[in-house]
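Colleague: Counting from 641, one number per residue, gives the positions in the sequence shown under my numbering.
Pasting a structure below so you can have a look.
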Amino acid sequence: MTVEIPRTPPEAARDHLTPTARAALGRSAEERIHLIRSGSWIPYPRAQQIRERLRWVFDQPPSQRMTGLTLSGPTNNGKTTIIRAFMAEMNGHVTAADAERRDYLYIETPPFPSASMLFTAILTAAGDLKAQKGTMTQKMFRVQHILPQIGLRMLFLDEIHNVLAGSQKQTEVFLNTLKSLSNHLRLPVVLIGTENAVHVLRTDAQVLNRFPTVELPYWPSDASFHQLVRAVLSTFPLQRPPRLTAAALQRLHKVSGGALGGVVQVLQRAAALAIKDGSEELTPKFLEAAEV
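Written as structure tokens, this is what we have:
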């Protein structure tokens with residue numbers, strides 16, 4: 641049973657919260673737990689820097705040699721979340737007159753490096769009802785025809801480490817296809833994947849130059865990790881500020897492995913326990929209980 645407490649905490653208890661979290665303080669316990677579990681944008685500096693870099697790539701003038709980007713980092717560390725936040729930002733800039741235009745397409749790299757499967761994925765995302773029909777060459781020509789029609793300005797290719805599932809020759813053909821597509825359409829391409837994929841890209845100097853790498857590594861156990869935890873907790877609509885010790889933060893780092901996804905999951909469970917308990921204050925005991 642959830643214990644309710646007065647819903648109007650002192651102003652000092654709200655200072656650490658984001659505007660969205662403060663606005664949710666008046667909701668029921670169940671609603672706030674649902675909001676916490678739903679997740680929201682976490683305003684930490686590295687993520688902001690990467691979003692600004694994406695905007696720089698997005699805004700570059702068309703040329704015969706477009707510069708893309710590779711966002712590299714371990715799994716469960718926030719790469720796709722940053723990309724989706726950037727895409728949401730771009731959606732917010734679309735006017736009624738541009739409703740039929742698509743500033744970007746987001747697709748996942750095929751399970752193995754196949755140019756035909758890549759074109760199928762692009763055509764599907766672009767809304768082509770015949771995406772799976774035709775030879776690889778026919779699909780390529782349709783991609784070259786359709787993408788300019790929809791006004792595409794950026795292509796996101798997630799899980800780029802899937803290219804490792806093929807032979808060296810298949811990988812080379814796949815990467816050359818990406819370069820050719822970017823050249824022909826004057827379109828920047830953003831690759832997202834683990835560190836392993838970066839090693840493959842480094843075997844081709846042209847690919848490496850075309851897709852410079854921005855890294856998002858695991859978080860070290862230092863002041864930056866503490867700042868990250870504060871940023872995450874600022875999005876949780878708890879009635880009282882958190883009260884965590886240095887030992888509790890060190891334990892959280894060990895349990896999560898320094899991965900953003902792991903940190904968020906433990907903190908979400910701990911916050912839900914604090915709300916259900918009625919204390920509304922995230923303390924070390926809730927962190928420990930959330931590890932189970």
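The C-beta atom is built at its ideal place from N, Cα and C for all residues, glycine as well.
Report all residues from its chain with a CB closer than 8 Å to the CB of Val813; omit the five preceding and five following residues, and keep chain order.
Modeller: Mapped onto the sequence shown, residue 813 falls at position 173. Contacts found: Pro753, Ala755.
Colleague: List the residues that DSSP assigns as beta-bridge partners of Phe796.
Modeller: Start at 1 with the first residue of the sequence shown, and residue 796 comes out as number 156. Tyr746, Val830.
Colleague: For Leu907, which residues from the same chain have a beta carbon less than 6 Å from its beta carbon, with the 5 sequence-adjacent residues on both sides left out?
Modeller: Numbered from 1 along the sequence shown, position 267 holds the residue referred to as residue 907. Same-chain partners within the cutoff: Val872.
Colleague: What does DSSP give as the partner residue(s) for Glu855 in the beta ladder?
Modeller: By one-based count along the sequence shown, residue 855 stands at place 215. The partner list for Glu855 (beta bridge, DSSP) reads Ser712.
Colleague: Per DSSP, what kind of secondary structure is Gly902 in: helix, strand or coil?
Modeller: Here residue 902 is taken as the residue at index 262 of the sequence shown, counted from 1. Of the three classes helix, strand and coil, the one that applies to Gly902 here is helix, per DSSP.
Colleague: If we count the other Cβ atoms within 10 Å of its Cβ and call it buried at 16 or more, is Glu670 buried or exposed?
Modeller: For this step, residue 670 is matched to residue 30 along the sequence shown. When all chains shown are included, Glu670 counts as exposed.
Colleague: Hey, Trp859 and Leu900 are a contact pair by Cβ (cut 8 Å); roughly how many whole angstroms apart?
Modeller: For the purposes of this step, residue 859 is taken as the residue at position 219 of the sequence shown. For the purposes of this step, residue 900 is taken as the residue at position 260 of the sequence shown. Confirmed, about 7 Å.
Colleague: Return helix, strand or coil for Asp738, following the three-state DSSP convention.
Modeller: Here residue 738 refers to the residue found at position 98 when the sequence shown is read from its first residue. Reliability of the predicted coordinates at Asp738 is poor, the pLDDT of 47 falling under 50, and the value obtained from them is presented with this limitation in mind. Asp738 falls in the helix class under three-state DSSP.
Colleague: Can you name, in chain order, every residue of its own chain whose Cβ lies under 8 Å from the Cβ of Arg693, other than the five neighbours on each side?
Modeller: Position 53 of the sequence shown holds residue 693. Closer than 8 Å at Cβ, skipping near neighbours: Leu709, Val854.
Colleague: Does Phe814 come out as helix, strand or coil in the three-state DSSP assignment?
Modeller: Looking up residue 814 in the sequence shown gives position 174. Correct three-state label for Phe814: helix.
Colleague: If we ignore side chains and look at the alpha-carbon of each, how far apart do Lys770 and Thr760 end up?
Modeller: Taking the first residue of the sequence shown as 1, we reach residue 770 at position 130. Taking the first residue of the sequence shown as 1, we reach residue 760 at position 120. Each residue's alpha carbon lies about 9 Å from the other.
Colleague: Mind checking which residues open and close the alpha helix (DSSP H) that includes Val872?
Modeller: The residue given as residue 872 occupies position 232 in the sequence shown. First-last of the alpha helix (DSSP H) with Val872: 863-873.
Colleague: Would you tell me roughly how many angstroms separate the C-alpha atoms of Ser896 and Thr843, rounded to the nearest one?
Modeller: Stepping through the sequence shown from its first residue, residue 896 is reached at position 256. Stepping through the sequence shown from its first residue, residue 843 is reached at position 203. When rounded, the distance between both Cα atoms is 32 Å.
Colleague: Rounded to the nearest angstrom, what separates Gln700 and Lys916 at their Cα positions?
Modeller: The sequence position of residue 700 within the sequence shown is 60, counting from 1. The sequence position of residue 916 within the sequence shown is 276, counting from 1. Looking at the two C-alpha atoms, the distance is approximately 49 Å.
Colleague: Which term fits Gly791, buried or exposed, when burial requires 16 or more other beta carbons within 10 angstroms of its beta carbon?
Modeller: Here residue 791 is taken as the residue at index 151 of the sequence shown, counted from 1. Exposed.
Colleague: Counting only the same chain and skipping the five closest in sequence on each side, list residues whose C-beta sits under 7 Å from that of Phe876.
Modeller: For the purposes of this step, residue 876 is taken as the residue at position 236 of the sequence shown. The residues are Ala661, Ile676, Ala911.
Colleague: Helix, strand or coil for Thr923, going by three-state DSSP, please let me know.
Modeller: Numbered from its first residue, the sequence shown carries residue 923 at position 283. In the structure shown, Thr923 sits in coil (DSSP, three-state: anything other than H, G, I, E or B).
Colleague: Give me the Cβ distance between Thr811 and Val840, rounded to the nearest whole Å; I'm assuming they're in contact under 8 Å.
Modeller: Position 171 of the sequence shown, counted from the start, is the residue given in the question as residue 811. Position 200 of the sequence shown, counted from the start, is the residue given in the question as residue 840. With a Cβ gap of about 6 Å, Thr811 and Val840 count as contacting.
Colleague: Just the C-alpha distance for Ala863 and Arg870, rounded to the nearest angstrom, thanks.
Modeller: Here residue 863 corresponds to residue number 223 of the sequence shown, with the count starting at 1. Here residue 870 corresponds to residue number 230 of the sequence shown, with the count starting at 1. One C-alpha to the other measures close to 11 Å.
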